[in-house]
Amino acid sequence: MRIPIPVPLIREMDAVILQGIGGYSTRAEFIVDAIQERVLELSADGTEDAGPPPVAPVAHITTTRVAERAVPVVAGPTPAPTSASMPMTALAAPEDGFVVTEDADLSRPEGRPLFGLHNRDYPSLWALSKLGAMTLDRPVPIEDYFTEVLEEAWRFGELLLAIEKHTGTKCTALFPTNPAKRKPAEMGFRSFAVGDYRTDGEKYATNGPLFEWHLIGLTAGERNRPLAGVTAAGWALLAAVTGISVEEPHPADAAKAFFAHLADRAPADWKGFTEVIRAIGPDGATRQEVLDHMAGAWSDWTENEVSTNSAGYIARAREWGLVEPKQTKSHYHLTSLGHEHTNGAAR
Numbered sequence: 002m003r004i005p006i007p008v009p010l011i012r013e014m015d016a017v018i019l020q021g022i023g024g025y026s027t028r029a030e031f032i033v034d035a036i037q038e039r040v041l042e043l044s045a046d047g048t049e050d051a052g053p054p055p056v057a058p059v060a061h062i063t064t065t066r067v068a069e070r071a072v073p074v075v076a077g078p079t080p081a082p083t084s085a086s087m088p089m090t091a092l093a094a095p096e097d098g099f100v101v102t103e104d105a106d107l108s109r110p111e112g113r114p115l116f117g118l119h120n121r122d123y124p125s126l127w128a129l130s131k132l133g134a135m136t137l138d139r140p141v142p143i144e145d146y147f148t149e150v151l152e153e154a155w156r157f158g159e160l161l162l163a164i165e166k167h168t169g170t171k172c173t174a175l176f177p178t179n180p181a182k183r184k185p186a187e188m189g190f191r192s193f194a195v196g197d198y199r200t201d202g203e204k205y206a207t208n209g210p211l212f213e214w215h216l217i218g219l220t221a222g223e224r225n226r227p228l229a230g231v232t233a234a235g236w237a238l239l240a241a242v243t244g245i246s247v248e249e250p251h252p253a254d255a256a257k258a259f260f261a262h263l264a265d266r267a268p269a270d271w272k273g274f275t276e277v278i279r280a281i282g283p284d285g286a287t288r289q290e291v292l293d294h295m296a297g298a299w300s301d302w303t304e305n306e307v308s309t310n311s312a313g314y315i316a317r318a319r320e321w322g323l324v325e326p327k328q329t330k331s332h333y334h335l336t337s338l339g340h341e342h343t344n345g346a347a348r
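This is how it looks when you write it as structure tokens:
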């Protein structure tokens, strides 16, 4: 059986393989892995997304010394599947700690929508809580933070795998869980759940959720090694979302606090949510109708970017309770909170 694949998508796949991203050596290996992940996603929770498995254009994947360095997994007790439960993933964070002020912050985010491979927000907020715990009194070298959060992400991923086995609900999105592909797993978590930086004169050009959302900031450290800390807005959001877990959807009060933060501090990312809501509308919409709307909202996106980014925003909208978890007659539908948002009340 021959299956036609668009030539631009094949070229992007080849670019990923040639650069060694993901540990794939052949097209067949890449395609089989993508199909397996898609089947698992759809069969585990009965939902459908707005596009094919996302393929990241190489230009969007930033690598630095830390991103390229595999972090060893620190062994820890893994809960038995029968004892692992969603409440064990409830977000906990200090009430306050060191604050990176706006005047001191040297980070310069891109100010753009998040790429579709960022398809859950909980992992990013989890990573933020870990930085909060590390910076009660002072900022820490960002490389130390990356090392620590990756080690903890592996341990947390083991817990999530145990929860999946116990509940049958897929909840490991973005977290590293496959030691056989440790390097790409860590790069994926670093890039799409946390963020990255590069030196740009006396400032730091940044990308990724924690920077785009203005939740963490960078200050000058020794030998041009930036220090990372939580911003005032970051501490406020942590307080508002404390207690959420990987269980979806998150509570409405936490969702509204998150939306208000995005609308105020990350309007480019917030636009992704608002356009998905507009695309679905009060009467629902098919996948193609959503894609057509998103293509009109971002005319500079390629066809693959439209599909990938739409899938990411729909997944996140489901996570926060804006979109129903399942399609009805091949249509996406808004929840009551989603309808509330269309009336301007969700903010």
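Take the numbering used here: the final residue in the sequence shown is number 348, and no numbers are missing along the way.
Glycine residues also receive a C-beta, built at the ideal position from the N, C-alpha and C atoms.
Have a look at residue i and residue j and give me their C-alpha separation to the nearest angstrom.
i	j	result
Glu149	Asp293	42 Å
Ala261	Pro5	43 Å
Pro349	Glu223	Shown here, the chain extends from 2 to 348; a query on residue 349 therefore has no answer.
Gly339	Arg183	37 Å
His334	Tyr314	14 Å
Gly158	Ala128	13 Å
Arg226	Lys204	12 Å
Glu306	Trp299	10 Å
Ser84	Asp106	43 Å
Ala206	His215	13 Å
Pro95	Pro210	20 Å
Val291	Phe147	36 Å
Thr1	Asn208	Residue 1 lies beyond the range of the chain shown here (2 to 348); nothing can be said about it.
Leu132	Gly282	38 Å
Ala316	Thr309	11 Å
Leu126	Ala280	27 Å
Met89	Gly169	16 Å
Gly218	Arg28	39 Å
His342	Pro252	15 Å
Ser311	Asp301	14 Å
Pro7	Ile164	37 Å
Val277	Asp145	37 Å
Ser130	Ile143	15 Å
Ala134	Trp236	11 Å
Output needed for residue i: all residues of its chain with C-beta closer than 8 Å, excluding positions within five of it in sequence on either side, in chain order.
i	result
Arg319	Thr48, Glu249, Pro250, Glu325 and Pro326
His332	Gly285, Ala286 and Thr287
Asp201	Arg109
Thr336	Pro250, Gly322, Leu323, Val324 and Glu325
Val195	Ser125, Ala128, Phe147, Val150, Gly209, Pro210 and Leu211
Asp138	Gly98 and Phe99
Thr65	At Thr65, the pLDDT of 32 sits below 50, so the modelled position is not reliable; the number obtained from the coordinates is stated separately. Closer than 8 Å at Cβ, skipping near neighbours: Asp197, Tyr198 and Arg199.
Would you mind reading off the limits of the alpha helix (DSSP H) that contains residue i?
i	result
Thr148	Ile143 to Thr168
Val291	Arg288 to Ala298
Lys184	Arg183 to Phe190
Gly235	Ala233 to Val242
Lys257	Ala253 to Arg266
Ala134	Tyr123 to Met135
Thr343	Ser337 to Thr343
Leu211	Pro210 to Glu213
Could you name the residues of the same chain whose beta carbon sits closer than 7 Å to that of residue i, not counting the 5 residues immediately before and after it, in chain order?
i	result
Pro374	Residue 374 falls outside the range modelled here, since the chain spans only 2 to 348, and no answer is possible.
Leu162	Thr173 and Thr178
Gly244	Ala91 and Leu92
Arg266	Trp214, His215 and Ala234
Thr136	Gly98, Phe99, Gly230 and Val231
Ala241	Ala255 and Ala258
Phe176	Pro124, Ala154, Phe157, Gly158, Leu161 and Phe190
Given a threshold of 16 other Cβ atoms within 10 Å of its Cβ, counted over all protein chains shown, does residue i qualify as buried or as exposed?
i	result
Gly322	buried
Arg199	exposed
Pro180	exposed
Thr232	buried
Ala186	buried
Asp104	exposed
Asp197	buried
Thr329	exposed
Leu238	buried
Pro114	buried
Gly189	buried
Asp122	buried
Thr275	buried
Go to residue i, then tell me how far its beta strand (DSSP E) extends in each direction, as first and last residue.
i	result
Arg199	Asp197 to Asp201
Leu92	Looking at the DSSP string, Leu92 is not in any beta strand (DSSP E), and its letter there is neither H nor E.
Pro110	Ser108 to Pro110
Ala318	Unbroken run through Ala318 is the alpha helix (DSSP H), Glu304 to Glu320; no beta strand (DSSP E).
Gly218	Ile217 to Thr220
Cutting at 6 Å between CB atoms, please list the residues of its own chain near residue i, excluding the five before and the five after it.
i	result
Met87	Ser246 and Glu248
Gly112	Ala269
Gln289	none
Gly273	Pro114 and Tyr314
Ala296	Val307
For a cutoff of 8 Å on Cβ pairs, would you count residue i as touching chain C?
i	result
Phe99	The question asks about chain C, but that chain is absent: this structure has only one protein chain.
Answer yes or no: the CB of residue i versus the heavy atoms of the ligand FAD, is any distance below 7 Å?
i	result
Thr200	Looking at this structure, you won't find the ligand FAD or any other ligand, since it has none at all.
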